[in-house]
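Input: a single structure, listed below in structure tokens.
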Amino acid sequence: MTLLSCNRKMILIAVVVTALLAACASPAVTGMKVHMQNQEYDEIINLADSVIAQGDSLNAEIWFWRGKALTEKVEWSEAAESFIKANELDTDGALAINEYWFVFFNSAANKVNDENIESAVEMLEMGMQIAPERPDFELMLGDLELSTNNDRTAALEDYQNASQKAEALASDIQELINNTDDPYMLDYYSQNLEQARTLCIQALFNSGSVLTMIALDATEEEMPEYLEQAQDAYSKALDIDPTNIDMLDALAGAYMLQGEYESAIGIFDEAFANIELGLAEGWMEQDEADQIKANMFVSKGYAYIEMEEFQQAIAELENARNLIGDDYIVLSTLAHANFIMENYDESLSILDSILMIEGLTPDELANAYYTRYACYNRQELDSEAAETLETALEYTPDNANYWRYLASTYSRLGRRNDAISAMETANELDPEND
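Those letters in the sequence shown? Residues 55 to 488, by our numbering.
Next up, the structure:
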């Protein structure tokens, strides 16, 4: 046998082996499809593993159907790994792997729950490669940037990208709705449209919240620009859902930070109307509505305080108190309003109610006692003022300002040595203001 004829024989054998492998793979995929119809998911996985073990690990369909079976078994990470392999092998893009984007999202969520953040990020990034049109991945990435890295700039970029993708997705789905008369598909597309709009609203809300956080840490000159961007994000979300109470509340809060109190009050009133609508239509429970309304009454009360409309402020705060009782935030704001109005006895009475609330934090207790001190100080009751401020310092002993106020009060009482000691403590805690 010549070398040429030997080589031809080897080539023929290789062709035959390749043909046999192809013949083996095709029936395997057919078998997987039959098992899928019968919901026999373990059989699909076993068949796929058997074919792969026999040397057909380069068939994208085998990995694809293996991933589908694992998806049905809610084994997200394994399913994702199979889809990743299928995606590597599917060079023609013949397989609809992007339809299984949620596998990567759920796998990432499980990894976050297991505190495996690095692997979660990798899974999200892979999901973005396979389904780049989905906004879900960048929404979660933004959350991780905030919770893990405290990187507001990166989180904001993720949220803004997510909102743009969600808006584009909603537009594409709306076009599908416009081009079909099939009742089943109309229902299916409508559900997907609602989900896309919800994702867009969430991304815009998150964007506005991050912008607000950035604004609070910005310089006085930069702050308005960030707040205006936050307002734009909230307003865009309200264009999608004008009845969204959380968005209305956030928008009003942004106006409050800019000192636009009348605008904020108008937004709060709009939110109240939507709360009543929610109660009437049954998509909001009474307890939830009362808590939201109470928080908004407090915010309105604060706005009226800033506008020096004190009687209206107290009326709003009393509305909150009537809804949720003696809540710390409600009562502390009410005490503050009465203090500004020079109703010191009324403020002290409210502070007594605050101190009866169980479970207050040290900071909350210190703030209540400090406000009592302020009332006694205005009434020139120095002994009571000193005693109350001493109590406040039991809860926040590192508050340099409290020590300075105490030194001044001791001085008025003629307690010179105590005044010097208190001032020395204040200077040790805050030497820059010595």
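C-beta atoms are modelled at their ideal positions from N, C-alpha and C, and glycine is treated no differently. All of these numbers come straight from a predicted model, not from anything done at the bench.
Could you check what DSSP says for residue i in three-state terms: helix, strand or coil?
i      : result
Thr387 : helix
Glu179 : helix
Thr297 : coil
Asp110 : coil
Met86  : helix
Pro81  : helix
Leu75  : Caution applies to Leu75, whose pLDDT of 40 falls short of 50 and renders its modelled position unreliable; the value that the coordinates give is listed next. Helix at Leu75.
Gly121 : helix
Tyr280 : helix
Gly307 : helix
Arg188 : coil
Asn164 : helix
Leu447 : helix
Leu149 : coil
Leu435 : coil
Leu302 : helix
Gln93  : coil
Asp381 : coil
Asp286 : helix
Glu412 : coil
Glu275 : coil
Leu292 : helix
Asp144 : coil
How would you label residue i, buried or exposed, when you count the other beta carbons within 10 angstroms and need 16 or more for buried?
i      : result
Ser111 : exposed
Ala348 : buried
Ile394 : exposed
Val157 : buried
Thr266 : buried
Leu302 : buried
Trp337 : exposed
Tyr238 : exposed
Ile359 : buried
Thr425 : buried
Arg470 : exposed
Asp212 : buried
Ala93  : First, the residue type needs correcting, since residue 93 is Gln and not Ala in the sequence shown. Answer is exposed; the Cβ neighbour count stays below 16.
Met194 : buried
Val166 : buried
Ser161 : buried
Ala107 : exposed
Leu253 : buried
Ala77  : Reliability of the predicted coordinates at Ala77 is poor, the pLDDT of 40 falling under 50, and no value is obtained from them.
Thr207 : exposed
Tyr145 : The residue asked about is misnamed: residue 145 is Thr in this sequence, not Tyr. Answer is exposed; the Cβ neighbour count stays below 16.
Gln285 : buried
Ala150 : exposed
Ser353 : buried
For the alpha helix (DSSP H) that contains residue i, what are its first and last residues?
i      : result
Ser317 : Tyr315 to Glu335
Thr207 : Arg206 to Asn232
Leu200 : Here Leu200 belongs to no alpha helix (DSSP H), and DSSP marks it neither H nor E.
Pro416 : Pro416 to Arg432
Pro237 : Pro237 to Asp271
Ala348 : Gln340 to Glu360
Met477 : Arg470 to Leu483
Lys127 : Per DSSP, Lys127 belongs to no alpha helix (DSSP H) and is neither H nor E.
Leu405 : Tyr398 to Leu409
Glu169 : Careful: Glu169 lies outside any alpha helix (DSSP H) and carries neither H nor E.
Glu372 : Phe364 to Ile378
Tyr456 : Ala454 to Arg466
Assuming residue i contacts residue j (C-beta within less than 8 Å), just tell me the rounded distance between them.
i      : j      : result
Ala357 : Ala318 : 5 Å
Gly121 : Ser136 : 3 Å
Gln345 : Tyr398 : About 30 Å separates the two Cβ atoms, so there is no contact after all.
Ser401 : Asp380 : Ser401 to Asp380, Cβ: 15 Å. No contact.
Ala480 : Ala461 : 7 Å
Ile231 : Leu247 : 7 Å
Ala133 : Leu124 : 4 Å
Ile299 : Ala325 : 5 Å
Val83  : Trp119 : 6 Å
Open item on the list: Count Cβ pairs between the region 250 to 266 and the region 284 to 292 that sit closer than 8 Å; are there 3 or more?
Closed with: Segments in contact, yes.
Open item on the list: Three or more C-beta pairs under 8 Å: does that hold for the region 377 to 389 against the region 352 to 368?
Closed with: The region 377 to 389 makes contact with the region 352 to 368, as at least three CB pairs between them are under 8 Å.
TODO: Would you be able to state if there are at least three C-beta pairs under 8 Å between the region 182 to 195 and the region 209 to 228?
DONE: Touching, yes.
Task: the region 410 to 425 touching the region 447 to 456, judged by at least three CB pairs closer than 8 Å - done: Flag = yes, the region 410 to 425 and the region 447 to 456 touch.
Task: At least three beta-carbon pairs within less than 8 Å, the region 226 to 246 to the region 199 to 206 - done: Not touching, per the Cβ criterion.
Task: At least 3 beta-carbon pairs within less than 8 Å: the region 301 to 315 vs the region 271 to 287 - done: Taking one beta carbon from each stretch, the region 301 to 315 and the region 271 to 287 have 3 or more pairs nearer than 8 Å; the two touch.
Task: Sufficient close CB pairs (3 or more, under 8 Å) joining the region 219 to 239 to the region 162 to 177 - done: Contact check between the region 219 to 239 and the region 162 to 177: fewer than three CB pairs, one atom from each, fall below 8 Å, which does not count as touching.
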